[in-house]
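Peer 1:
Number of protein chains: 2
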Amino acid sequence: MTTAEAVKTNTVEEQAKRAKKAAKNLSILTTEEKNEALRTVADALETGYESIISANLIDLKNGEEKGFEQAFMDRLSLNKERIFDFAEGLRQVAELPDPIGDVMSRWTLDNGLKVEEVRVPLGVIGMIYEARPNVTADAAGLALKSGNAIVLKGGSSALNSNKAIVEIIHKALEETRIPKNAVQFIDTVNREATKQLFTMKEHIDVLIPRGGASLIKAVVENATVPVLETGVGNCHIYVDSDADAEKAINILINAKTDRPAVCNAAETLIVHEAWLNQHKELLAESLKKHGITVHGDESAAAALPDVKPATESDWANEYLSLDLAVKTVKDLEEAIDHIDQYGTKHSEAIITENADTAKKFMQLTDAAALYHNASTRFTDGGALGFGAEIGISTQKLHARGPMGLPALTTRKYLMSGNGQIR
Amino acid sequence: MTTAEAVKTNTVEEQAKRAKKAAKNLSILTTEEKNEALRTVADALETGYESIISANLIDLKNGEEKGFEQAFMDRLSLNKERIFDFAEGLRQVAELPDPIGDVMSRWTLDNGLKVEEVRVPLGVIGMIYEARPNVTADAAGLALKSGNAIVLKGGSSALNSNKAIVEIIHKALEETRIPKNAVQFIDTVNREATKQLFTMKEHIDVLIPRGGASLIKAVVENATVPVLETGVGNCHIYVDSDADAEKAINILINAKTDRPAVCNAAETLIVHEAWLNQHKELLAESLKKHGITVHGDESAAAALPDVKPATESDWANEYLSLDLAVKTVKDLEEAIDHIDQYGTKHSEAIITENADTAKKFMQLTDAAALYHNASTRFTDGGALGFGAEIGISTQKLHARGPMGLPALTTRKYLMSGNGQIR
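Protein chains in written order, with the UniProt record's numbering: chain A, 1 to 422; chain B, 1 to 422.
#1: Please determine if the stretch 60-79 of chain A and the stretch 101-119 of chain A are in contact, where contact requires at least 3 C-beta pairs separated by less than 8 Å.
#2: Just to make sure I have the definition right: I need the residues of chain B whose C-beta is within less than 8 Å of the C-beta of N254/A. Which are they?
#3: Take every Cβ of the stretch 119-129 of chain B, pair it with every Cβ of the stretch 138-153 of chain B, and state whether three or more of those distances are shorter than 8 Å.
#4: List in chain order: all unbroken beta strand (DSSP E) runs of 3+ residues lying wholly within the stretch 171-240 of chain B.
#5: Measure the CB-CB distance between A274/A and I351/A and report whether it falls below 9 Å.
#6: With distance defined between alpha-carbon atoms, name the residue in T40/B, I128/B, T30/B and V239/B nearest to F361/B.
#7: I392/B and C263/B - do their beta-carbons sit closer together than 9 Å?
#8: Could you check what DSSP says for K412/A in three-state terms: helix, strand or coil?
#9: Below 8 Å, can you find three or more Cβ-Cβ pairs linking the stretch 313-332 of chain A to the stretch 289-302 of chain A?
#10: Would you call the stretch 401-415 of chain A and the stretch 363-379 of chain B touching, i.e. three or more CB-CB distances under 8 Å?
#11: Given this structure, state the Cα-to-Cα distance separating G141/B from E174/B, to the nearest angstrom.
#12: Anyone know if the C-beta pair for I169/B and K180/B falls short of 9 Å?
#13: Identify whether P133/B lies in helix, strand or coil by the three-state DSSP scheme.
#14: Strictly under 9 Å for the Cβ-Cβ distance: is E14/B near chain A by that measure?
#15: Going by the C-beta, is D102/A closer than 8 Å to any heavy atom of the ligand GDP?
#16: List the residues of chain B whose Cβ lies closer than 9 Å to the Cβ of F86/A, in chain order.
#17: Leaving aside the five residues before and after A223/A along the sequence, list all residues of the same chain whose C-beta is less than 6 Å from its C-beta, in chain order.
#18: Since R75/B contacts R132/B with CB under 8 Å, what's their CB separation in whole angstroms?
#19: When Cβ atoms are compared, which residues of the stretch 183-215 of chain B fall closer than 7 Å to chain A?
#20: Kindly list the residues whose CB is nearer than 6 Å to the CB of R177/B, restricted to its own chain and excluding five residues on each side of it in sequence; keep chain order.
#21: Mind listing, in chain order, the continuous beta strand (DSSP E) runs of no fewer than 3 residues lying wholly within the stretch 245-278 of chain B?
#22: Are the beta-carbon atoms of D258/A and R411/A separated by less than 9 Å?
#23: So, at 8 Å on beta carbons, what are the nonlocal neighbours of K289/B in its own chain, with the 5 sequence-adjacent residues on each side left out?
#24: Could you work out which residues of chain A lie near H398/B, taking near to mean beta carbons separated by less than 7 Å?
#25: What does Q92/A touch in chain C if you count any residue whose Cβ is under 9 Å from its own?
#26: For L320/A, does the three-state DSSP call read helix, strand or coil?
#27: Just the C-alpha distance for E221/B and G233/B, rounded to the nearest angstrom, thanks.
#28: Can we say the stretch 43-51 of chain B touches the stretch 86-98 of chain B, given the rule of at least three CB pairs closer than 8 Å?
#29: Enumerate in chain order the residues of its own chain whose CB-to-CB distance from D102/B is below 8 Å, with the five nearest sequence positions on each side excluded.
#30: Against R377/A, what residues of chain B qualify as contacts under a CB-to-CB distance less than 8 Å, listed in chain order?
#31: Can you round the beta-carbon distance between M127/B and E13/B to whole angstroms, since I take them to be within the 8 Å contact cut?
#32: So, with DSSP's three-state summary, where would you put R119/B?
#33: With DSSP collapsed to three states, give me the class of I336/A.
#34: Check distances from the C-beta atoms of the stretch 143-159 of chain A to those of chain B and list, in chain order, the residues that come in under 8 Å.
#35: Which residue wins for smallest C-alpha separation from A303/A, given the options S321/A, Q278/A, T311/A and D314/A?
#36: Kindly indicate the opening and closing residues of the alpha helix (DSSP H) around E81/A.
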């Protein structure tokens with residue numbers, strides 16, 4: 001490590017320490033103090049949007065020179081409307097109920113000791129994300145509302161945009177009760193800096209990775225700080241022998257094509273062989289009409305036109321495109337076994353008119369969200385009415401499915417006595 | 001790796017797979033089916049207690065030959081009464097409310113999609129523990145009641161005792177609706193076997209280490225499977241300038257001496273210098289009377305007799321003995337800073353007659369359990385009325401403080417529709 005790098009890596013720890021200290025002050029602010037601060041930041045982002053756009057242009061130019069693909073450039077790109085959307089998002093978070101201070105339960109022991117279980121902030125959130133600069137404002141807003149400090153480590157391709165956003169946030173926070181140190185932005189692109197966050201247990205209470213599968217894997221495998229795992233969705237639609245054809249096809253097409261690049265989009269159709277044989281023409285026509293490329297097993301290839309042979313990687317892949325894997329099964333058990341083997345425990349749907357089959361599927365399939373006769377696209381904090389979300393948890397501990405403000409909290413037991421001993 | 005080892009390490013994965021499969025069948029049993037099974041196991045442990053004692057004698061003989069210390073041998077040692085206590089423990093778990101299937105919330109979207117948030121088992125619990133054979137029966141009981149399969153990896157010093165207990169559990173389960181594969185016991189003492197559990201994300205949903213600090217550290221640092229961190233308690237009693245002397249001393253002595261070897265025992269007295277000066281004779285007398293060895297800072301040494309100079313390691317140490325570190329402070333802030341630096345976020349107490357000071361302490365100190373004018377010894381599932389506990393979480397994610405049955409569960413969102421798409 002060169003001296004310059006050593007200085008930089010020390011800086012990350014200093015930043016985390018400052019966040020920890022700020023978190024303590026933040027944890028005791030009132031709801032109105034936090035809301036007022038969020039509205040102040042929102043106004044400042046609107047007033048200062050031009051500086052963000054200027055910085056974003058530099059990132060876009062760098063990205064073009066590096067030949068990033070179009071979808072990536074789209075995620076990176078900002079304009080006035082998008083920045084005003086960040087601001088509006090912060091104002092919406094200000095409107096959400098404040099989870100902090102909620103007394104979750106309360107009782108008194110026989111000896112008179114009073115016990116209260118109270119909701120408190122986690123402390124310091126480490127957010128590791130990729131190109132989308134909107135995460136900078138969104139994550140900061142959710143963290144601050146729930147009384148947490150945040151250490152932001154965004155992708156290097158959005159460095160200038162993120163810096164411009166954080167600069168505005170910092171300046172705005174100076175006029176509020178929230179200490180500006182509660183939002184730390186790591187502006188080095190040195191990889192050691194990110195790795196330092198993985199093991200900074202003393203200063204960081206939770207890491208939330210948001211981005212592609214390889215980012216999430218790197219964090220899960222290397223972090224000793226607890227992780228809230230988000231996002232990878234290899235979601236299945238199982239069309240049962242008792243499925244209504246119109247519902248099945250509508251839901252499949254919606255789940256596959258509405259927004260193919262999001263995690264709650266469907267990637268694999270599991271279809272009962274009897275249903276497939278009966279409805280293959282209708283299915284083939286719909287798939288063709290919507291430009292879907294099919295990767296299927298032998299039975300699928302026999303029933304449908306233009307099927308590419310599916311390999312192991314097709315079953316495991318989150319395509320995030322108009323590709324669809326098609327697996328044919330003889331019964332519900334085979335469908336569930338396939339999901340057990342390849343699913344990512346995100347969102348799984350069954351289409352059937354048979355209530356018993358649906359019940360079994362929902363009981364025996366292990367995922368955050370199970371659907372009967374509806375599209376997997378509803379696994380989303382906004383769609384389900386959570387107000388806002390910091391990500392979709394695919395793990396089972398702490399939070400599962402869309403994570404709203406309560407996922408950024410923990411509890412304390414407060415015991416008040418007058419000398420009780422055991 | 002030799003062939004024999006290869007076979008053994010393969011076996012661990014096979015065992016975890018069998019547990020995963022059993023978990024699926026277990027998750028849909030009724031409460032009565034699970035309770036009936038627990039009572040059957042309890043009866044079998046009582047009927048078969050002699051075989052456990054015989055096996056335990058072998059472990060004790062091996063332990064003596066290896067020269068294990070007395071406290072360790074005590075934890076290892078079983079007798080008829082202790083085994084009947086295991087059985088009674090299982091019957092008590094059968095009496096507890098079943099968390100599985102609880103509808104935690106329920107709502108309907110504007111489009112008619114019905115949403116239910118339902119409590120479900122985690123799946124497979126990996127329990128890694130040290131010498132206490134009671135954990136084998138206790139952990140299996142809590143896991144099964146909450147619909148989870150369990151993979152048990154106990155300390156090698158209790159191998160024979162644990163095997164005898166599991167043999168009885170397995171034989172008893174054959175007469176019940178719980179598949180015997182739901183309880184897996186890893187009977188190899190090969191270290192690779194334990195390490196395999198650390199990364200078996202496909203088959204194991206959570207690891208719970210129970211034992212000393214080094215075991216817990218090894219699991220936290222090496223596991224990619226999510227961990228429920230338990231137990232290390234470097235707990236402080238802060239005696240404020242406004243503390244009532246009698247309450248302060250009673251609570252301190254209770255927290256230090258009632259059971260010095262448990263995690264909710266006090267390890268450090270933080271004392272306001274004004275209080276110390278006023279009450280030093282009374283404090284010195286009590287400490288002496290209870291055989292407490294004091295490791296203190298300079299001010300403590302000036303005020304109290306026979307004080308050994310405290311070093312950095314005294315502040316960080318979980319003594320688990322009649323040793324006590326004594327830190328003198330000028331104010332509340334210094335006390336909280338000390339706890340922030342050295343505490344393990346387990347249990348912290350303030351003794352004061354000043355309600356404002358107490359409130360500040362409870363707001364600003366980061367721990368699972370905060371006490372005002374009471375002993376830290378109440379941080380315990382039994383004492384707080386949780387019915388039973390699988391451990392005391394010192395982490396913030398998922399569960400904090402004493403963990404009862406709900407800590408062994410997660411949730412599913414179940415969505416029922418009639419063709420809803422986005």
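Just so you know, even glycine gets a beta-carbon here, dropped at the ideal spot from N, CA and C.
Peer 2: If we stick to the structure as given:
#1: No: the two stretches stay apart, fewer than three of their Cβ pairs being nearer than 8 Å.
#2: Residues of chain B passing the Cβ test: I421 and R422.
#3: With a cut-off of 8 Å, the stretch 138-153 of chain B and the stretch 119-129 of chain B count as touching, because enough Cβ pairs lie within range.
#4: Listed in chain order, they are 183-185, 206-210 and 235-239.
#5: Contact check for A274/A against I351/A fails: the beta carbons are separated by 9 Å or more.
#6: Of T40/B, I128/B, T30/B and V239/B, the residue nearest in Cα terms is V239/B.
#7: Yes, the Cβ-Cβ distance between C263/B and I392/B is below 9 Å.
#8: Assignment of K412/A by DSSP, reduced to helix, strand and coil, places it in the strand class.
#9: Below 8 Å, enough C-beta pairs join the stretch 313-332 of chain A and the stretch 289-302 of chain A to call them touching: three or more.
#10: Judged by pairs of C-beta atoms under 8 Å, the stretch 401-415 of chain A touches the stretch 363-379 of chain B, as three or more such pairs exist.
#11: Between G141/B and E174/B, the C-alpha separation is close to 15 Å.
#12: For I169/B and K180/B, yes; Cβs fall inside 9 Å.
#13: Three-state DSSP puts P133/B in coil, outside helix and strand.
#14: It does not: the Cβ of E14/B has no partner Cβ on chain A nearer than 9 Å.
#15: The ligand GDP is not part of the structure shown, which contains no ligands of any sort.
#16: Within 9 Å Cβ-Cβ: nothing; F86/A doesn't reach chain B, min ~23 Å.
#17: Excluding sequence neighbours, A223/A sits near F198 and L207.
#18: Sure, about 5 Å apart at Cβ, within 8 Å.
#19: Look at the stretch 183-215 of chain B: the residues with a C-beta under 7 Å from a C-beta of chain A are D205 and V206.
#20: Answer for R177/B: L29 and E33, listed in chain order.
#21: For the stretch 245-278 of chain B, whole beta strand (DSSP E) runs of length 3 or above, ordered along the chain, are 266-272.
#22: Contact: no.
#23: Here the set comprises nothing.
#24: The contacting residues are L397 and H398.
#25: Here the protein chains are A and B, and chain C is not one of them.
#26: Three-state DSSP puts L320/A in coil, outside helix and strand.
#27: Straight-line Cα distance between these residues: approximately 19 Å.
#28: Verdict: yes, contact present.
#29: Residues V118 and R119 of the same chain have their beta carbon placed closer than 8 Å to that of D102/B, with the five preceding and five following residues left out of the count.
#30: Listed along the chain, the chain B residues whose CB falls inside 8 Å of the CB of R377/A are I421 and R422.
#31: By a beta-carbon distance limit of 8 Å, M127/B does not contact E13/B. Their separation comes to about 17 Å.
#32: In this structure, DSSP gives R119/B an extended state, which the three-state scheme calls strand.
#33: It is helical.
#34: Hits within the stretch: zero.
#35: A303/A has its Cα closest to that of Q278/A, out of S321/A, Q278/A, T311/A and D314/A.
#36: Unbroken alpha helix (DSSP H) run through E81/A: K80 to E95.
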